[in-house]
Structure formats: structure tokens, C-alpha cells
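Sequences listed follow chains P and R, in order.
For the first sequence, the working numbering gives the first residue as 2, with consecutive numbering after it.
For the second sequence, the working numbering gives the first residue as 7, with consecutive numbering after it.
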Amino acid sequence: MNNFQFLFTAWMVVWAVFFVYEISVAKRVSHVREEIERLKQQLQER
Amino acid sequence: MKTRIPITIFVALLIFCGGYAALFVAPDEATMHEIQRIFYFHVPLWTAMTIAFSTACFSNIAWLASRRPTFDLLGVASAEVGILCCTGGLITGMLWGKPVWGIWWTWDPRLTSTFILWLLYISYLLLRELIEDPHRRATLSAVFGIFAYLDLPIVLLATTLWPRGQHPQPVLFGGPKSINHTMLMVFFVCMASIVGVMILVLMDRYRLERLRFEADELRVEIESREMDSQPAVQGTAGKGRS
């Protein structure tokens, strides 16, 4: 790799790390929201 | 939520401006040339990590003092985001080290103490996974979180305490060298963009913890209703047998 490739990789890594993490948080949020809805329904049935 | 959209647009603009300025506007450094531009992403990641871990430590202390669940939730959210920034900082550091030093990694005091910090916060998250009781989990992880944070001053002062290490001396504050004005401006734009992204990610991560807390409370409510209904059934059965 030449210096520009190292620089480009570093730039990509920074934003990829944040982007992938943000997607994982969004997925977990939607999963927990579904869980909350299910639990609320369960609570109403009792 | 209303303020979230303008903040996101502002941070996105900062990312674009910072990226453009770091790659095309900032002047070439005399000895390292273009590879020095990693500095514009690498150093702001450490600043973002310091802010995140400091928030985690403040939350840990606040939890021990007040026992308010908000602080426990903020503590775990900021610790995880801090690990994210630390991981990014370590990777960009290695990508800078290979062309400049000729090696990916060395056991220099700054690098070693940072790696230990990363391991300590990973352990903090693992510890939380191991304890089921929420109150005990919050207390033990808060104590461990404060202990983990003690490594941060060592990381920050490592180049001053051990000046013979391989890591460069600070350039901005207290360093022997001065920095070009344009470089400094570009650096501050990049710093604002990365800290801005860290804050947005932290807000989302905290929201996730709040939702998990809400789900846990609902589970406890369902369990307590089940417990309330069970003795009545048992009591009826007992009466029937006698």
C-alpha cells in the first residue's frame, strides 16, 4: 500500500466504524420497541 | 426529536467540510507528507473517546451517589461509545504507524496504556453481562468503571511521563513544536465533526438503554402480576383438598 491508500483506508475506517455501529443501534432499538409492544399486549391481557 | 434533524444536518455538513479540508485544503506536512493527514481523524477520535469515558465516569459516580437509573443507563451508553472511538483511534493509529514507523504496533507507553484502557472498558461491558440483578450490576459496574477511568490520565500523560517512547510528543497543547494556522483550522473542523457524530451516536445509544429499561420494568410488572395470581390459585386448590 502507498501512503494515499493508508490515508484513504483510515478515512474509510473512521466513518465505517460509526456507520456500522449506528445501524446496529437502530436495529437493536427497533427490536426492543417490538419487545415493548409485545409486553404491553401481554400486560393488557392479564 | 425536532432538534435532532437540524443537528444531524449540521454534523453532516461538518463531516463533508472536514473531510474535504483534511484531504485537499490542509498543507502537506514537510516530513510525512500526505500520511500526516490521518492526524485530522486520529486525534479527534481520542478527544471524542475522552469525552465519552469522562461522561461514563461522571455517570458512575452520580449513580453511586444518587442511585438514579438514568446515570446507570448513561454510564453504559457512553462507555460503549467510548470503546467505539478508542477502536477507531487504535486502527487509524496503526494505519499511520505502518508507513511512518514501518510497523503496525509497538509496546510504547502511550499505545500500551491505551490498549489497557480499551481492555478495561471491554471488561466493564462483560461484567455487566455477567450480573443479572440490575441494582447489583449497576453498583459493581460503576465501581469498576471508576477504576477503569483511572487509566485515562496515564494515557494522556504517557508521552510526558515517558518522553523516550516512540509515540510523537503533543503538537497542540504543551508540545515543543508549533502548528500551521490552516492545519489548526482544519483540525478544529474535523474535531467538531467527529465529536458531533459521537454525541449523536451517544444520544441514540442512550435511547436504546432507556427502551431496554422500559422493557425490563414491563417484565417485572408481568412477573409480579403472575406472582399475585399464583397464591390465590394455590389457596383455592388447598381448600379443595381439605
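Even for Gly, the Cβ is constructed at its ideal location relative to N, Cα and C.
key: Where glutamate 138 of chain R falls: helix, strand or coil (DSSP)   = Glutamate 138 of chain R: coil per DSSP, three-state reduction.
In whole angstroms, give me the CA-to-CA distance for serine 248 of chain R and leucine 133 of chain R.
Because the pLDDT of serine 248 of chain R is 35, which lies under 50, any placement of that residue in the model is unreliable, and the number read from its coordinates should be weighed accordingly. Computed Cα separation, rounded: 50 Å.
| request: Find the residues of chain R that neighbour glutamine 91 of chain P, judging by a C-beta separation of less than 9 Å, and give them in chain order. | output: Any property of residue 91 of chain P remains undetermined from this structure, which presents chain P solely from 2 to 47.
Original post:
Is there contact here, the region 194 to 205 of chain R with the region 21 to 29 of chain R, by at least three beta-carbon pairs under 8 Å?
Top reply: yes
Q.
At a CB distance below 9 Å, what residues from the region 11 to 34 of chain R approach chain P? Give them in sequence order.
A. Of all residues in the region 11 to 34 of chain R, those with a C-beta nearer than 9 Å to a C-beta of chain P are Ile21, Gly25, Ala28 and Leu29, reading in chain order.
Near threonine 53 of chain R, which residues of its chain fall below 8 Å by C-beta distance, leaving aside the five closest residues on each side in sequence? Met197, Ile200 and Val201
_With a threshold of 7 Å on Cβ separation, who are the neighbours of arginine 216 of chain R within its own chain once the five nearest residues in sequence on each side are excluded?_
Excluding residues within five positions, the ones whose Cβ falls inside 7 Å are Leu79.
Task: Pick from P:Ala11, P:Asn3, P:Gln6 and P:Lys41 that is closest to leucine 308 of chain R, judged by C-alpha positions - done: Residue numbering for chain R in the displayed model covers 7 to 248; residue 308 of chain R lies beyond these limits and cannot be assessed.
- Looking at the C-beta of proline 105 of chain R, does it have a partner C-beta in chain P at a distance below 7 Å? Cβ-Cβ to chain P under 7 Å: yes for proline 105 of chain R.
Q: Give the single residue among R:Lys8, R:Pro33 and R:Ile15 whose Cα lies nearest to the Cα of threonine 188 of chain R.
A: R:Pro33
When the Cα of valine 149 of chain R is compared with those of R:Ala62, R:Met38, R:Tyr212 and R:Leu158, which residue comes out closest? R:Ala62
**Study point:** Identity of the residues DSSP links to histidine 48 of chain R by a beta bridge
**Key:** DSSP lists no partner for histidine 48 of chain R.
For histidine 39 of chain R, which beta-bridge partners are listed by DSSP? R:Glu35
- Task: Could you check how far apart the C-beta atoms of alanine 58 of chain R and arginine 43 of chain R are, in whole angstroms? I think they sit under 8 Å.
- Result: With a Cβ gap of about 24 Å, alanine 58 of chain R and arginine 43 of chain R do not count as contacting.
_Contact defined as beta carbons within less than 8 Å: I believe valine 33 of chain P pairs with alanine 221 of chain R. What is the distance between those atoms, to the nearest angstrom?_
6 Å
key: Euclidean distance between Cα positions of alanine 154 of chain R and leucine 51 of chain R   = Looking at the two C-alpha atoms, the distance is approximately 19 Å.
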